[in-house]
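A quick write-up on the structure given underneath.
Protein chains in written order, with my numbering: chain A, 2 to 798; chain B, 2 to 230.
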């Protein structure tokens, strides 16, 4: 049972502590615990109860508990939520948050006089650990609570945090760790990630969620991700619920769907929009309106994925296939954020393939079969950053740091050779040509590595973080003091011509000019804007979900759950061609117009198909098969060209594809972007900070130049090694191509169809067709354009 | 190599895809802003430790151009070295390589803002070089007679051709002056609509893209750009 004043406080609220809250209290002295409890299960309070009890009514000075969450907003939200119980129980516990948004004065005070409980993010923790005062600030630390640890484990931010915890453990040997998570596919792996020999504690998972797939009057379209056909039905769902969260996968889709909803919103239900491109002010306004219960619905992207508590949400609508079961479960958990009340959710497939994907996702949720790609070894670029920041705090001995780093879960298997390579990179650049012996960044003095020039610490601290944002430009209303609206990706801004219109923040704006680093727009109430394609990340359908889809397609006996139009579609495919099967690879070829088409049903996700398209068309070009272009979705790859392909399987030789990846893909823009991220995280280059970025000086140059130079003059360099390792995952996703080929083991079925096949037809409508680039094509394009411009200017080409 | 001829002050000058300018009539090769030793200078100042290969890379490209043209004279339009210290601390292998390129031909080092003093290298060291109708200097001056050839600004042009964005270093010229792109490996650029370039150019100004194809376009065709990239 709980002691006072905690027992009284629970009783006054009419609450009984959850069993897992009591159990975590009982195990408060354990060095590390991973608590897995459903959303709304009082996880966060469970995490803080031991701290509040230890601190009690008359706490001593100094930092007792550090709370780390992936979102700044979450840290602020938790601070507000903890304030009430602490005040009501009369505890003299000081709780503060510390994020990138915290003001200078408060930061400075926290360095000399830290609160009892500090709420922060991995980046702010890394910054604090780089201070010379770090041993004093953290020396008495008793507990660290890592919230939403599954989300952190998905990215390099988690690796950075775990290195930080290893550092903290050295500064405060008595520190205990608690990880909190709602949705985990592999609890022991996550416990290993948390480190400290963590034990898993599983709470009652609560009732099954109530999930349905929306059946609309009109079947969904063949292709596209917007879900606009369902706008009317979604308005009806919103009208029938108290508060609805409408999730959609990308920002551009969120804009379009938001517009489509308002077109159907006869009753003028208050509906808001929330995504990461909108300005902080705009997002804060929507969040505040939601908290005050003034909104009936929010259309949101992943910016709202994590556990901020909106209280009254009773329905979650997912537009488009969820791509990933874990994310779906997380989103569904946002409805009825209360323990023991089932979450209500509706999935809205945006096209025919997504009807299958939603069905597969539903099966997976019911089977509690969460997907998750296996976590790789701790990335070395993050380690490089950690080494440099460690040197900012104080000189270190290499042996001691190596031992410390290996206590972090992701780096448990780190070899000494890799550690030394990273240390070498930090110190000298690690080049085959030892050019910088006089100008090393780190130097060894008396057995300890420290900064050659301590003034560099400031620049290194400015570079903290493992998320490298795409270059973005601010969007503002034109005119003196025009209101900031948010930002768009630079690549999108580059395609705009004055007069173009696009959707932004739920309104149509007209592009006026690009001045300095600002996109100036005016409001423009036209009906049909040029579509905003500031796409954000395109998630690929997870391996587990794709496999479930394949099994469903290959098993006609299970089609009873599908709507009639879907059964008709699959029947036609079986009749005219063949059905893709999990243990084989189906390839179709057919003529259409004056072009030959080849469709490959890889079910390996959009990114892998995109990469495969680049590699296969490259091989086709070398074989004289004249490819003209390709398009990929999550399920298949469609290539068209002038020649008919006699032996498609020959294009898929593993060796040949590997070779293509090493050679030609090395020059690909995706690899260059990967390199830029790696080089920024590792500290080879400094990130473009707001305010001090490209100012029109000719001194700055693109990281592509560094990449090309290294490839030519130092191909074995650490940065290229890391870049190649990353290419196996993420945007290049070569690992899934190899897995797909391994699964089929050469069992490739080639169907020669007389015309377009039912399953491949949607790909012809897919946007994002990739023309075959290359010397010849680009040369012709530029030459044509130059002739046209010269003619237009009255000059003779 | 791809190239594009420019008629300039009565002379035919060939803008090469590499960013070099070839004056056939005088067998003279002109390059601007080599910025040798840039990575070393950054490291010396405590900045990033960039791959220390830009001097080798720039020398490789310069050697290739000299191999093809066999010039009697080479003109480097200033900022050949990232600073004076960089010219003194050139690695021995690179010093020898440069000496081999310089052997048997006239070599003019025009002073730049990064390397104002005379360099500890052979060849002629001049603030400006006037020959025939042309005047070679590092940075364009606002009021000048026709025939100025300069570097310094690293012009770069952005073109949207049927939706495809192409950004390339470029030559820019009007009837009076010609500005070369930077030839050095680690050099960024200034968009051609930047006031520093735009204000120098008169009506009818043209740009010639480096790379393939090496093509001339009216300067006004450049897509409105952001700051440098």
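By construction, the Cβ of each residue, glycine as well, lies at the ideal position given by its N, Cα and C atoms.
Residue 613/A is classed as buried because its beta carbon has at least 16 other beta carbons within 10 Å across all chains shown. Not a single CB atom of chain B sits nearer than 8 Å to the CB of residue 570/A. For residue 143/A, the closest alpha carbon among the candidates 623/A, 174/A, 122/A and 160/A is that of 174/A.
Taking 8 Å as the CB threshold, residue 113/B stays off the interface with chain A.
The three-state reading of DSSP puts residue 327/A in helix, counting H, G and I together. Note on residue 165/A: 16 or more other CB atoms within 10 angstroms of its CB, so buried under the neighbour-count rule. Selection 85/B, 22/B and 47/B evaluated against residue 74/B yields 22/B as nearest (Cα-Cα). In the three-state reduction of the DSSP assignment, residue 467/A falls in the coil class, being assigned neither a helical nor a strand state.
Taking 8 Å as the CB threshold, residue 687/A lines the interface with chain B. Residue 524/A has 510/A as its beta-bridge partners, per DSSP.
Residues of the segment 720–752 of chain A with a C-beta atom less than 7 Å from some C-beta of chain B do not occur. Listed in chain order, the positions of the segment 39–54 of chain B with a beta carbon within less than 7 Å of a beta carbon of chain A are 41, 44, 45, 47, 49, 50, 51, 52, 53 and 54. Taken atom to atom, the span from the alpha-carbon of residue 24/A to that of residue 178/A is near 15 Å.
In this chain, the alpha helix (DSSP H) harbouring residue 567/A covers 565–577. Of 82/B, 204/B, 188/B and 78/B, the smallest CA-CA separation from residue 115/B is found for 82/B. The residue from 220/B, 117/B, 152/B and 146/B with its alpha-carbon nearest to that of residue 10/B is 146/B. Secondary structure at residue 369/A: coil, using DSSP grouped into helix, strand and coil.
Counted as a single uninterrupted DSSP element, the beta strand (DSSP E) harbouring residue 590/A occupies residues 586–593. A distance below 8 Å separates the beta carbons of residue 704/A and residue 677/A. Fewer than three pairs of CB atoms, one per stretch, sit closer than 8 Å, so the segment 357–374 of chain A makes no contact with the segment 221–237 of chain A.
For residue 134/A, same chain residues with a beta-carbon under 7 Å away, outside a window of 5 residues either side, are 112 in chain order.
In the structure shown, residue 733/A falls within a coil segment according to DSSP collapsed to helix, strand and coil. Residue pairing by DSSP places residue 319/A opposite 248/A and 348/A in a beta bridge. Taking C-beta atoms as the reference points, residue 136/B and residue 88/B fail to come closer than 8 Å. With fewer than 16 other Cβ atoms from the protein chains shown falling within 10 Å of its own Cβ, residue 16/A counts as exposed. Residue 97/B has a beta carbon lying at 8 Å or more from every beta carbon in chain A.
Fully enclosed beta strand (DSSP E) runs of no fewer than 3 residues occupy 156–162, 165–174, 178–180 and 207–210 of the segment 155–213 of chain B, in order along the chain.
Taking a contact to require three or more Cβ pairs closer than 8 Å, the segment 430–448 of chain A and the segment 53–63 of chain B qualify as touching. Within the same chain, 186, 187 and 327 come within 7 Å of residue 373/A by CB-CB distance, once the 5 residues on both sides are set aside. Pairing residue 153/A with residue 381/A gives a Cβ-Cβ distance that is not under 8 Å. Residue 208/B holds the alpha-carbon nearest to the alpha-carbon of residue 193/B among 208/B, 131/B and 78/B. Proximity of chain B to residue 139/A at the Cβ level (cut-off 7 Å) is not reached, the minimal Cβ distance being about 28 Å. DSSP places residue 10/A in the helix class (H, G or I) of the three-state scheme. Listed along chain A is no residue with a C-beta nearer than 9 Å to that of residue 206/B; the closest approach is about 11 Å. As computed with DSSP, residue 223/A is found in no beta bridge at all.
Bridge pairing for residue 488/A: 475/A [DSSP].
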